[in-house]
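Student:
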Amino acid sequence: MEFARQAKNICPFLQHTSTKTLRSLQARSKLASVAGQCPVMGHAMESRAPYSSASKPAHDSVTTGYSSRAPSPPVHRAEAKEKTPEKPKTEESGGCFEYESLYQTELERKRRDKSYRFFNNINRLAQEFPRAHRGEEHDRVTVWCSNDYLGMGGNGHVLKTMHATLDKYGAGAGGTRNIAGHNRSAVELERTCARLHKKDAALVFSSCYVANDATLTLLGQRIPGLVYFSDESNHASMIQGIRHSGAKKVIFKHNDVADLEHKLQQYPRSTPKVIAFESVYSMCGSIAPIEQICDLADKYGALTFLDEVHAVGMYGPHGAGVAEHLDFDHHAHHAPLASRRRSVMDRIDIITATLGKAYGCVGGYVAGSADFIDWIRSYAPGFIFTTSLPPAIMAGAKTAIEYQSATNKYRVGQQLNTRYVKQQLTARGIPVVPNPSHIIPVLVGDAEKAKAASDLLLHKHNIYVQAINYPTVPIGHERLRITPTPGHHKELCDDLVQALDATFAELNLNRVADWEKAGGLCGVGKPSNVRPIWSDKQLAFEPIPAPQPSQNQQPEKQQQPVVAAAA
Numbered sequence: 001m002e003f004a005r006q007a008k009n010i011c012p013f014l015q016h017t018s019t020k021t022l023r024s025l026q027a028r029s030k031l032a033s034v035a036g037q038c039p040v041m042g043h044a045m046e047s048r049a050p051y052s053s054a055s056k057p058a059h060d061s062v063t064t065g066y067s068s069r070a071p072s073p074p075v076h077r078a079e080a081k082e083k084t085p086e087k088p089k090t091e092e093s094g095g096c097f098e099y100e101s102l103y104q105t106e107l108e109r110k111r112r113d114k115s116y117r118f119f120n121n122i123n124r125l126a127q128e129f130p131r132a133h134r135g136e137e138h139d140r141v142t143v144w145c146s147n148d149y150l151g152m153g154g155n156g157h158v159l160k161t162m163h164a165t166l167d168k169y170g171a172g173a174g175g176t177r178n179i180a181g182h183n184r185s186a187v188e189l190e191r192t193c194a195r196l197h198k199k200d201a202a203l204v205f206s207s208c209y210v211a212n213d214a215t216l217t218l219l220g221q222r223i224p225g226l227v228y229f230s231d232e233s234n235h236a237s238m239i240q241g242i243r244h245s246g247a248k249k250v251i252f253k254h255n256d257v258a259d260l261e262h263k264l265q266q267y268p269r270s271t272p273k274v275i276a277f278e279s280v281y282s283m284c285g286s287i288a289p290i291e292q293i294c295d296l297a298d299k300y301g302a303l304t305f306l307d308e309v310h311a312v313g314m315y316g317p318h319g320a321g322v323a324e325h326l327d328f329d330h331h332a333h334h335a336p337l338a339s340r341r342r343s344v345m346d347r348i349d350i351i352t353a354t355l356g357k358a359y360g361c362v363g364g365y366v367a368g369s370a371d372f373i374d375w376i377r378s379y380a381p382g383f384i385f386t387t388s389l390p391p392a393i394m395a396g397a398k399t400a401i402e403y404q405s406a407t408n409k410y411r412v413g414q415q416l417n418t419r420y421v422k423q424q425l426t427a428r429g430i431p432v433v434p435n436p437s438h439i440i441p442v443l444v445g446d447a448e449k450a451k452a453a454s455d456l457l458l459h460k461h462n463i464y465v466q467a468i469n470y471p472t473v474p475i476g477h478e479r480l481r482i483t484p485t486p487g488h489h490k491e492l493c494d495d496l497v498q499a500l501d502a503t504f505a506e507l508n509l510n511r512v513a514d515w516e517k518a519g520g521l522c523g524v525g526k527p528s529n530v531r532p533i534w535s536d537k538q539l540a541f542e543p544i545p546a547p548q549p550s551q552n553q554q555p556e557k558q559q560q561p562v563v564a565a566a567a
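Every letter in the sequence shown is one number past the one before it in UniProt numbering, and letter 79, counting from 1, is 79.
1) Would you list, in sequence order, the uninterrupted alpha helix (DSSP H) runs of no fewer than 4 residues that lie entirely inside the segment 222-301?
2) Going along the chain, which unbroken runs of the alpha helix (DSSP H) with 4 or more residues stay wholly within the segment 135-177?
3) Could you pull the start and end residues of the alpha helix (DSSP H) that Leu458 belongs to?
4) Output the distance between the C-alpha atoms of Phe504 and His163, rounded to the nearest integer angstrom.
5) Applying the criterion that 16 or more other CB atoms from any shown protein chain within 10 Å of the CB defines a buried residue, is Gly313 buried or exposed?
6) With a CB to CB cut of under 8 Å and the five nearest residues on each side skipped, what residues in its chain are close to Leu425?
7) Let me check one thing: in DSSP terms, what residues is residue 568 bridge-paired to?
8) Between Glu108 and Asp514, what straight-line distance do the alpha-carbon atoms span, to the nearest angstrom?
9) Assign Glu324 to buried or exposed, taking buried as 16 or more other Cβ atoms, counted over all protein chains shown, within 10 Å of its Cβ.
10) In chain order, what residues of the same chain lie with their CB nearer than 7 Å to the CB of Gln221, ignoring the 5 residues before and after it?
11) In terms of alpha-carbon separation, which member of Ile393, Glu448, Val524 lies closest to Ile430?
12) Residue range of the beta strand (DSSP E) that Val204 falls in?
13) If distances are taken between C-alpha atoms only, which option among Ser528, Glu506, Ala406 comes closest to Glu516?
14) If you count every other CB in all the chains shown that lies within 10 Å of the CB of His235, and 16 or more means buried, which is it?
15) Among residues of its own chain, excluding the 5 on either side of Lys199, which ones have a beta-carbon nearer than 6 Å to its beta-carbon?
16) What is the DSSP secondary structure of Phe541, reduced to helix, strand or coil?
17) When the distance is taken between beta carbons, is Pro289 closer than 8 Å to Gly225?
18) At what residue ranges does the segment 384-438 contain a whole run of the alpha helix (DSSP H), taking only runs of 4 or more?
19) May I have the straight-line CA-CA distance separating Gly520 from Thr105, to the nearest angstrom?
20) Can you tell me whether DSSP reads Ala566 as helix, strand or coil?
21) For my contact list, Arg419 and Pro317 are in at a C-beta cut-off of 8 Å; report their separation, rounded to the angstrom.
22) Nearest-angstrom Cα distance between residue 570 and Met238?
23) Quick one: which unbroken beta strand (DSSP E) runs of 3-plus residues sit fully inside the segment 100-141? Chain order, please.
24) Are Ser206 and Thr386 close, meaning C-beta to C-beta below 8 Å?
25) From Cys193 to Gly319, what distance separates their C-alpha atoms?
26) When DSSP labels each residue in this structure, what does Phe305 get in the three-state scheme?
27) Identify which residue in Gly321, Tyr281, Leu203 has its Cα closest to the Cα of Glu188.
28) Buried or exposed, going by whether 16 or more other CB atoms sit within 10 Å of the CB of Phe97?
29) Expressed to the nearest angstrom, what Euclidean distance is found between the alpha-carbon atoms of Phe541 and Glu448?
30) Under a Cβ-count criterion, where at least 16 other Cβ atoms within 10 Å of its own Cβ denotes burial, should Glu491 be classed as buried or exposed?
31) When burial is assigned at 16 or more other CB atoms within 10 Å of the CB, is Ala518 buried or exposed?
32) Helix, strand or coil for Pro381, going by three-state DSSP, please let me know.
33) Determine the closest residue to Ile223 out of Met283, Leu303, Ala171, Lys460, with distance taken between C-alpha atoms.
34) Three or more beta-carbon pairs under 8 Å between the segment 462-473 and the segment 136-149, yes or no?
35) Going by the DSSP bridge assignment, what does Leu443 pair with across the sheet?
36) Smallest Cα separation from His459: which of Gly285, Gly95, Leu102, Arg134?
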């Protein structure tokens, strides 16, 4: 405690920190590390070792709490919560609760376990994507981790529509749909979303997080005795909705239909049930066995709730998602289905998806039967009390959906680039978590090393790939998540592969052979026969020509995809 007392005497900031907090930091052998970052104490400790550069933020980083797709609640597999921090003493603050002390303790915990998040200043260039600049416009980087999977954020048709709508209807919606009105942009977008998934109706929310939360909350609150069956790897928005509903929750192993059926068997068929799952799981790239889950739902009397957030725009002949993709020929060529068989997409009761990823805009929606959507519209607080998306956003999203429904060029380009990068990384022993989707998770297995790899790629190679750590993935499963787009041409792909190879060598990170010796992790280092969900035949399909730009429209500046043989 001697160091703690000296620190409190020297530093004007620590003078306001409780003795208990200092004692707690000292007990964890972290007070010296924190003091080394202080402008006062740091000067007094010049003889000490410098703070690890791997944990420092980039020079133009913005630090804050959580990313938009990585909120605080952990995934199901980490249901065991962290120990609740002790209530800070109030003796030295006149009996008041020491709020700032709690914030500092909580943040220090994240810094200590290397899960603290540093946000990089990345400004995507609409006409040059996937290029971007950092804090200064001359500081250019290539973005390799965007969820704007098809580059639609800079699509000329989308931008033209948004400009025209913005000029005509203004910047905002004016309030909630109930107060400000049900404008034409909302009507047309919801009709387009419903048509995409061949459902009766759809309802647009400010984000798919809100759509999932609002819908799942309402189902559990309004259906007596409802039981949720939730995949252990479901997104935090689904977990929150289930929690908020207060309904009973049963968690089944990831994509394990045998475990799901075993748990369904424990409830009478008359018990109302919802099976909640995703089509593409964004951090590992796995794809759900949707048809088998539908079979179980029919057998045990359950509703199916499918989150297509990372699949919409990316799969199927019209981009409706994996549910459409599973009956590709039927939806592409009107090929007949087997006798008495319904399409997989038709068998899904509730579909949620986003406008903020493959469609390049923002917002989310839920699609289903007409009465179900009207019920959500009438009862869900997440819809009723939230300001509507601006007309320009909704008009742009509608254009993006229609554009991608009419061409497979961008989906095919993205898939070819993904295959090429996966092949090249595998050839160099870079540990790619095997999966059939467009996600390329590169396993690191350590939070500090993943952050160091991300920093090195950015500062040395001008490549931006964000490190993914807890609670987005379990501790020990940290990774770099790479997402090629149609604009990542061959030269950019080769640059990425070479930079990753050099980074793994410089940081001495585990390669496939190392994981194999360790027994494997996340499918890396184990035999795998995973094949892409897009077949070679499907990659050759093109529905109808893409819309041509008008005479007044500026042509799109899109890079061509890698010309790679489908493998």
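The C-beta atom is built at its ideal place from N, Cα and C for all residues, glycine as well.
Tutor: The relevant details are as follows:
1) 236-245, 257-264, 290-300
2) 156-169
3) 447-461
4) 44 Å
5) buried
6) Val432, Ile440, Val442, Val497, Leu500
7) Past the boundaries of the shown model lies residue 568; the chain is included only from 1 to 567, so the question cannot be answered.
8) 32 Å
9) buried
10) Ser245, Gly246
11) Val524
12) 201-205
13) Ser528
14) buried
15) Ala367, Gly368
16) coil
17) no
18) 391-405, 409-427
19) 35 Å
20) Here Ala566 scores only 37 on pLDDT, less than 50, and its place in the model is too uncertain to base an answer on.
21) Incorrect: roughly 19 Å between the Cβ atoms, too far for contact.
22) No answer is possible for residue 570: it lies beyond the span of the chain, which begins at 1 and ends at 567.
23) 131-133
24) yes
25) 11 Å
26) strand
27) Leu203
28) exposed
29) 44 Å
30) exposed
31) exposed
32) helix
33) Leu303
34) yes
35) Arg479
36) Arg134
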